[in-house]
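Participant: So in my numbering, the last spot in the sequence shown is 225, and the numbers never skip.
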Amino acid sequence: AFFFSLFLMNNARLGPPIIVAFFVGIVVYILRVAFKEDKSYRTKVFIFMVLCTSLIMYAFVQGLMSSALENFVEFNTTKSILSIPLQPATVIAFENVGVIIFGVILAISTKKRLENNNVLEPGSLVTRGLSFNIVAFLMIPLGIMLANGQTGMVSVLFPILLLFFVAAGEIHINATIFSLVGGLIKPHHQGVFTGYMFVNVALGIVFAGPISNYAI
């Protein structure tokens, strides 16, 4: 996997067609698995596949957001915190920091809920995730409202806050999909279906790339 990643880094144009081909291949495989099973399990597989299509749109929007946010940071923000200069790519990296932080927080809170027999339903996790995203996208207009009156520049803190809220939403959405894998799919198929989930995410990002470039 490491050497394959290095290969793709040096041959970036091959990435999208490989992802699309892998997506088609895994869909064919899953459909073959589904039609070999009984009707009840087949229905669960189809439900999971339909729900996973939402990840394509979710990743697509996130891909567009990343490109838009990099340009916003470059041309409309102070690009520094406490006199520390921050490049757009560095600011975008705060989403990864947020994923780690909120991932740990969600894991700890989930463990406590399980100990108290108080489990959050998938619908609740999705609602929380979408709520975090709504708050996230309010950060930019809020930052513009509070922009420097003389320079018109927005504090780079607002894009960073946006990314933290997006990360919190992403963690809750991904947790929901993982719970669906455990709830709908048989144990010996769960590895394949978890991989299928991430392929959907990759496909959404692939679609976002050319559209972002066209918009820019």
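For each residue, glycine too, the CB sits at the ideal point set by N, CA and C.
Let me know if Pro-97 comes out buried or exposed under the rule of 16 or more other beta-carbons within 10 Å of its beta-carbon.
Facilitator: In the sequence shown, the residue the question calls residue 97 occupies position 88. Classification of Pro-97: buried, given that the 10 Å Cβ count is 16 or more.
Participant: Tell me, please, which residues DSSP counts as bridged to Ile-90.
Facilitator: Taking the first residue of the sequence shown as 1, we reach residue 90 at position 81. Paired residues: Ile-93.
Participant: Nearer than 8 Å: is that true of the beta carbon of Leu-166 relative to any heavy atom of the ligand MN?
Facilitator: The ligand MN is absent from the structure shown, which contains no ligands of any kind.
Participant: Tell me which residue opens and which closes the alpha helix (DSSP H) that Glu-179 is part of.
Facilitator: In the sequence shown, counting from the first residue as 1, residue 179 sits at position 170. That run of the alpha helix (DSSP H) goes 166-193.
Participant: Taking Cβ positions, are Ile-101 and Leu-166 nearer each other than 9 Å?
Facilitator: For the purposes of this step, residue 101 is taken as residue 92 along the sequence shown, with counting starting at 1. For the purposes of this step, residue 166 is taken as residue 157 along the sequence shown, with counting starting at 1. Not a contact, by the Cβ cut-off of 9 Å.
Participant: Would you grab the beta carbon distance between Ile-39 and Val-208 for me? Rounded to a whole angstrom, and I think it's under 8 Å.
Facilitator: Counted from its first residue, the sequence shown places residue 39 at position 30. Counted from its first residue, the sequence shown places residue 208 at position 199. That pair is no contact at about 10 Å.
Participant: Please determine if the region 40-53 and the region 99-118 are in contact, where contact requires at least 3 C-beta pairs separated by less than 8 Å.
Facilitator: Segments in contact, no.
Participant: If you measure between the beta carbons of Phe-202 and Val-215, is that distance less than 9 Å?
Facilitator: Stepping through the sequence shown from its first residue, residue 202 is reached at position 193. Stepping through the sequence shown from its first residue, residue 215 is reached at position 206. No, they are not a contact pair.
Participant: What are the boundary residues of the alpha helix (DSSP H) that includes Gln-71?
Facilitator: Numbered from 1 along the sequence shown, position 62 holds the residue referred to as residue 71. Counting along the chain, the alpha helix (DSSP H) containing Gln-71 begins and ends at 48-85.
Participant: Of the residues Phe-13, Phe-32, Ala-21, Arg-22, which one's Cα is nearest the Cα of Leu-212?
Facilitator: Here residue 212 corresponds to residue number 203 of the sequence shown, with the count starting at 1. Here the closest residue by C-alpha is Phe-32.
Participant: Going by C-alpha distance, which of Leu-15, Ile-180, Val-82 is nearest Ile-110?
Facilitator: Within the sequence shown, the letter at position 101 stands for residue 110. When only C-alpha atoms are compared, the closest one is Ile-180.
Participant: Taking Val-113 and Arg-122 to be in contact with their CB atoms under 8 Å, please state how far apart those CB atoms are, rounded to whole angstroms.
Facilitator: Numbered from its first residue, the sequence shown carries residue 113 at position 104. Numbered from its first residue, the sequence shown carries residue 122 at position 113. Contact flag wrong, Cβ pair sits at about 15 Å.
Participant: So, using beta-carbon positions, are Val-59 and Val-42 closer together than 9 Å?
Facilitator: Start at 1 with the first residue of the sequence shown, and residue 59 comes out as number 50. Start at 1 with the first residue of the sequence shown, and residue 42 comes out as number 33. No.
Participant: Could you tell me if Ser-221 is buried or exposed, where buried requires 16 or more neighbouring beta carbons within 10 angstroms of its beta carbon?
Facilitator: Residue mapping note: residue 221 aligns to position 212 of the sequence shown, counting from 1. Under this definition Ser-221 is a buried residue.
Participant: Just list the residues that DSSP pairs Val-163 with in beta bridges.
Facilitator: Working through the sequence shown from its first residue, we reach residue 163 at position 154. Per DSSP, Thr-86.
Participant: Nearest CA to the CA of Phe-92: which residue from Ser-75, Leu-78, Asn-85, Ser-164?
Facilitator: As a position in the sequence shown, residue 92 is number 83, starting the count at 1. It should be noted that the sequence gives Ser, not Phe, for residue 92. Looking at the Cα atoms, Ser-164 is the closest of the given residues.
Participant: Can you give the beta carbon distance from Gly-138 to Gly-178, rounded, assuming they're within the 8 Å contact cut?
Facilitator: Sequence index remark: in the sequence shown, residue 138 carries index 129 (1-based). Sequence index remark: in the sequence shown, residue 178 carries index 169 (1-based). Gly-138 to Gly-178, Cβ: 4 Å. Contact.
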